[in-house]
Amino acid sequence: MKIAYLVGEFPSLSETFILNQITGLIDKGCQVDIYGYKPETNEKVHAGVVDYNLLSHTFNYAKLPRNYGFRLLKAVWLFLRHSPTSLRLLIKSMNVRQFGRQALSLRLFYSVIPFLANETQYDIIHCHFGHNGLLGMNLRSIGALQGPLVTTFHARDITQKLSELGEHAYDQLFLKGQLILPISQHWQKKLKKLGCDPNKIHVHHMGIDCQKFNFTPRRMGEDGTVRIISVARLVEKKGIEYGVYAIQGLKERGYNIQYSVIGDGELYDPLKQLIVDLNLREEVSLLGWKSQDEILEIMCSAHILLAPSVTSAQGDQEGIPVALMEAMAMGLPVVSTLHSGIPELVDEGLSGYLASERDVDTLTEKLACMIDESQQWPRMGRAGRAKIEKEFNIDILNANLFEIFCSL
11 MKIAYLVGEF
21 PSLSETFILN
31 QITGLIDKGC
41 QVDIYGYKPE
51 TNEKVHAGVV
61 DYNLLSHTFN
71 YAKLPRNYGF
81 RLLKAVWLFL
91 RHSPTSLRLL
101 IKSMNVRQFG
111 RQALSLRLFY
121 SVIPFLANET
131 QYDIIHCHFG
141 HNGLLGMNLR
151 SIGALQGPLV
161 TTFHARDITQ
171 KLSELGEHAY
181 DQLFLKGQLI
191 LPISQHWQKK
201 LKKLGCDPNK
211 IHVHHMGIDC
221 QKFNFTPRRM
231 GEDGTVRIIS
241 VARLVEKKGI
251 EYGVYAIQGL
261 KERGYNIQYS
271 VIGDGELYDP
281 LKQLIVDLNL
291 REEVSLLGWK
301 SQDEILEIMC
311 SAHILLAPSV
321 TSAQGDQEGI
331 PVALMEAMAM
341 GLPVVSTLHS
351 GIPELVDEGL
361 SGYLASERDV
371 DTLTEKLACM
381 IDESQQWPRM
391 GRAGRAKIEK
401 EFNIDILNAN
411 LFEIFCSL
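Reading the sequence shown from the start, the letters are residues 11 to 418 in the numbering used here.
So this is what it looks like as structure tokens:
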């Protein structure tokens with residue numbers, strides 16, 4: 011089976027769920043070509059990118075540059091050179107009412123170029139995120155791609171992105187796409203409200219490779235220090251500032267806390283200043299980006315994973331954070347929020363605790379309760395591991411996805 015993957019930035023340290031899916035399908039004998047943006051920085055890459063030689067199957071289309079006028083003319087020339095009849099089809103496809111502002115974007119011109127040198131016939135065109143689904147639909151409409159269209163919806167694409175594109179942005183995608191895969195029941199309900207045919211919707215979780223995460227029951231150390239960890243991009247929806255405030259609350263109650271935050275992003279400097287302002291430099295550490303192996307090493311010595319997710323001011327939300335899955339697979343009890351699909355992963359009182367978004371007092375209370383009941387950590391860890399193995403196991407999910415693709 012030959013599959014085209016249309017994604018965002020690739021490779022990306024923060025989107026291991028896409029990488030795990032791609033490598034799983036390759037293991038099943040599929041040929042996968044990946045189309046996405048080249049990372050703007052030379053980040054570390056996960057081992058799977060190297061082990062599977064994915065960069066040799068990755069084709070980049072550029073983000074719109076500031077001097078897009080000149081480059082647009084170059085793109086049009088290349089496009090017409092390879093397909094003289096395509097201009098009429100391209101103009102026909104670029105209808106604002108039909109496809110929304112995304113279709114009218116100059117991005118379509120840029121996106122055609124990587125396909126010109128490749129065979130365009132695929133057994134499946136799998137687009138991660140709804141706006142890439144629109145791109146795949148438009149590319150297919152002008153003949154740059156051929157094959158059944160499948161779109162996975164995660165979160166931002168049906169929250170913040172809709173405010174940019176309009177409530178009806180995905181109407182034609184719902185009509186012309188063969189299958190819509192929300193990653194949670196929460197987003198399944200949203201897609202139905204947006205008008206997607208329920209018969210085209212199939213909930214398909216993102217998952218993790220359980221074999222890569224060794225289970226270790228957590229127990230309090232003799233020194234009484236509680237090691238709490240967060241793994242997240244430092245953006246608003248991750249809610250890390252509320253985690254920092256909760257640590258302040260625990261410190262005021264006399265708990266001995268070490269809070270480590272793995273990740274980077276636009277809020278790094280504001281969070282660093284907040285830590286200084288709250289006099290938490292001894293308790294809170296911003297560790298920046300780490301490789302998967304480095305994250306696992308830090309997780310091995312942690313007691314609790316904290317994921318204080320919130321809805322951003324622009325309406326952006328989480329899907330179901332992979333960091334939560336990884337922590338639960340390793341036996342970490344978790345504290346998170348009643349946000350998006352997180353309650354579908356974390357069972358309150360069984361594998362962790364949940365607080366309302368931005369409710370620092372309750373978040374602090376939940377963490378304190380977790381610490382005070384440290385004898386329950388092994389039980390909660392086992393419950394979390396069982397949940398992951400049953401419902402978020404990438405091997406099972408990839409097998410299911412392969413069967414879904416075969417049915418198309």
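C-beta: ideal position from N, C-alpha, C; glycine also.
In this text, all values refer to a predicted model and were calculated from it rather than measured experimentally.
Which listed residue (the options) has its alpha carbon closest to that of residue i
| i | options | result |
| --- | --- | --- |
| Gln195 | Leu183, Phe163, Leu373, Ser346 | Phe163 |
| Met463 | Gly329, Gly359, Gly34 | For residue 463 there is no data in the structure shown, the boundaries of the chain being 11 and 418. |
| Met338 | Ile193, Leu149, Cys220 | Cys220 |
| Val160 | Ala154, Ile404, Arg150 | Arg150 |
| Lys282 | Glu367, Glu251, Val236, His136 | Glu251 |
| Lys247 | Ala14, Cys379, Thr347 | Thr347 |
| Ile424 | Asp233, Ala393, Ile135 | As displayed, the chain neither begins before 11 nor continues past 418, which places residue 424 out of reach and without an answer. |
| Arg228 | Met380, His67, Gly176, Gly249 | Met380 |
| Ser311 | Val236, Glu292, Ile406 | Val236 |
| Gln131 | Gly153, Met147, Leu145, His138 | Gly153 |
| Asn224 | Arg395, Ile193, Leu355 | Arg395 |
| Leu290 | Ser270, Ile308, Gln302 | Ser270 |
| Tyr265 | Ile285, Asp382, Asp369, Asn209 | Asp382 |
| Leu334 | Thr321, Met309, Gly325, Glu262 | Met309 |
| Leu155 | Ala14, Ser322, Glu304, Leu355 | Ala14 |
| Ser295 | Gln302, Asp303, Leu284 | Leu284 |
| Glu292 | His67, Gly39, Gln386, Gln258 | Gln258 |
| Glu262 | Gly234, Leu288, Gly249 | Leu288 |
| Cys416 | Asp133, Gly249, Lys199, Met340 | Asp133 |
| Pro388 | Glu401, Gln324, Asp357, His313 | His313 |
| Val55 | Thr68, Pro21, Phe69, Lys38 | Pro21 |
| Ala317 | Ile238, Val286, Glu307 | Ile238 |
| Ile305 | Glu232, Lys222, Gly234, Asp279 | Lys222 |
| Pro49 | Ala57, Phe69, Gly39, Thr33 | Phe69 |
| Ala393 | Trp197, Leu260, Thr226 | Thr226 |
| Ile2 | Leu175, Met216, Gly176 | Here the chain comprises residues numbered 11 to 418, so residue 2 is not present and cannot be evaluated. |
| Ala57 | Leu145, Leu355, Glu307, Asp303 | Asp303 |
Whole-angstrom C-beta distance between residue j and residue i, which should lie under 8 Å
| i | j | result |
| --- | --- | --- |
| Leu418 | Leu189 | 7 Å |
| Ser319 | Ile352 | 7 Å |
| Leu191 | Gly143 | The Cβ separation is near 10 Å, so there is no contact. |
| Lys12 | Gln41 | 5 Å |
| His214 | Leu411 | 6 Å |
| Ile403 | Leu35 | Per the sequence shown, residue 403 should be read as Asn rather than Ile. The pair is not a contact, with the Cβ atoms about 15 Å apart (cut-off 8 Å). |
| Leu19 | Tyr47 | Looking at the sequence itself, residue 19 is Glu, so the reference to Leu does not match. Their Cβ separation, rounded to whole angstroms, is 5 Å, which keeps Glu19 and Tyr47 in contact under 8 Å. |
| Met147 | Lys186 | 6 Å |
| Asp357 | Lys397 | 7 Å |
| Thr37 | His67 | First, the amino acid is wrong: residue 37 is Asp here, not Thr. That belief does not hold up - the Cβ atoms of Asp37 and His67 are roughly 14 Å apart, past 8 Å. |
| Gln324 | Ser173 | 7 Å |
8 Å Cβ cutoff met for residue i and residue j
| i | j | result |
| --- | --- | --- |
| Ile218 | Glu336 | yes |
| Leu342 | Leu315 | yes |
| Gln167 | Gly205 | One detail in the question is off: residue 167 reads as Asp in this sequence, not Gln. Result no, Cβ atoms of Asp167 and Gly205 do not sit closer than 8 Å. |
| Gly329 | Val344 | no |
| Ala378 | Thr372 | no |
| His349 | Glu375 | no |
| Ala165 | Gln327 | yes |
| Ile28 | His138 | yes |
| Tyr255 | Val332 | no |
| Tyr71 | Tyr45 | yes |
| Gln170 | Ser301 | no |
| Pro208 | Lys202 | yes |
Say whether the stretch 238-246 touches the stretch 268-282, bearing in mind that this needs 3 or more beta-carbon pairs closer than 8 Å, one atom from each stretch. Yes: at least three Cβ pairs fall under 8 Å.
Could you tell me which uninterrupted beta strand (DSSP E) segments, each at least 3 residues in length, are contained entirely in the stretch 15-55, listed from first to last along the chain? Within the stretch 15-55, the complete beta strand (DSSP E) segments at least 3 residues long are 41-47, listed from N- to C-terminus.
Identify every run of the beta strand (DSSP E) within the stretch 325-383, keeping only runs that are complete inside it and at least 3 residues long; order them along the chain. With a minimum length of 3 residues, the continuous beta strand (DSSP E) runs that stay inside the stretch 325-383 are 344-347, 362-365.
Tell me the start and end of each unbroken alpha helix (DSSP H) in the stretch 182-251 that is at least 4 residues and wholly inside, in chain order. Counting only runs of 4 or more residues that sit fully inside the stretch 182-251, the alpha helix (DSSP H) segments are 195-203, in chain order.
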